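K.L.:
Each residue of the sequence shown is one higher than the one before, counting from 790 in my numbering. No residue lacks a Cβ here, since even glycine has one placed at the ideal position from N, Cα and C. Owing to the predicted nature of the structure, the values given are computational and were not obtained by experimental measurement.
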Amino acid sequence: MPTINCDLHIHSNASADGHCPVEKILETAKARGLDAVAITDHDTTAGAVRALSLQTGVLVIPGIEVSTKDGHVLVLGTTKEYEPGKPARETIAEAKADGCVTIIPHPYHYFRHAVGLRDRKALLEADAVEAYNSRYYIGTANS
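Pasting the structure below:
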């Protein structure tokens, strides 16, 4: 099975905390040798939809970072905008029923909507848990 180099948690300027347009994200991803990127803006798929329309040679995985009652949940493989504010496990179940992949990002970072601190059972129901987030260089944020 071939190795695929990808980043599954990228915000574009469609998110309040994203700074780059998707064109720049895809250009940079290609220059750095990434095969795929997931555009996962906060509570919107606008950036992902835009990225899907571009032909850059980098596979675009559409997604969204949903602001649940318990913290953030990444949903990959969708252009659907999930309703924010629901419990994390409810969002995870809905996304899985839609055939999507779910990931808990920054699970223990107290100031970043950490599902792992609020609903540990959600960590078991998601498909994956983010092990490292480049924004959080201290150990407690990535453990």
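How big is the Cα-Cα spacing for N802 and E883?
P.N.:
Whole-angstrom Cα-Cα distance: 26 Å.
K.L.:
Determine the DSSP secondary structure at S932, reduced to helix, strand or coil.
P.N.:
Unreliable placement is indicated for S932, whose pLDDT of 41 sits below 50; no coordinate value is reported for it.
K.L.:
Keeping to the same chain, check which residues put their C-beta closer than 8 Å to that of G874; ignore five residues upstream and five downstream.
P.N.:
Once the five neighbours on either side are set aside, the close Cβ partners of G874 are S856, T857 and K858.
K.L.:
Taking the alpha carbon of A920 as the reference point, which residue from L797, A805, T792 and M790 has its own alpha carbon closest?
P.N.:
Of the candidates L797, A805, T792 and M790, the one whose C-alpha sits nearest the C-alpha of A920 is L797.
K.L.:
Determine the direct distance from the alpha carbon of T834 to that of K869, and round the result to whole angstroms.
P.N.:
Rounded to whole angstroms, K869 to T834 spans 7 Å at the Cα level.
K.L.:
Flag this pair as yes or no: are the beta carbons of I828 and G852 separated by less than 8 Å?
P.N.:
For I828 and G852, yes; Cβs fall inside 8 Å.
K.L.:
Measure the beta-carbon distance from T933 to L815 and round it to whole angstroms, keeping in mind my assumption that it falls under 8 Å.
P.N.:
Lying outside 790 to 932, the shown extent of the chain, residue 933 is not represented and no answer is given.
K.L.:
List in chain order: all unbroken beta strand (DSSP E) runs of 3+ residues lying wholly within the segment 820–855.
P.N.:
Qualifying beta strand (DSSP E) stretches, in chain order: 825–828.
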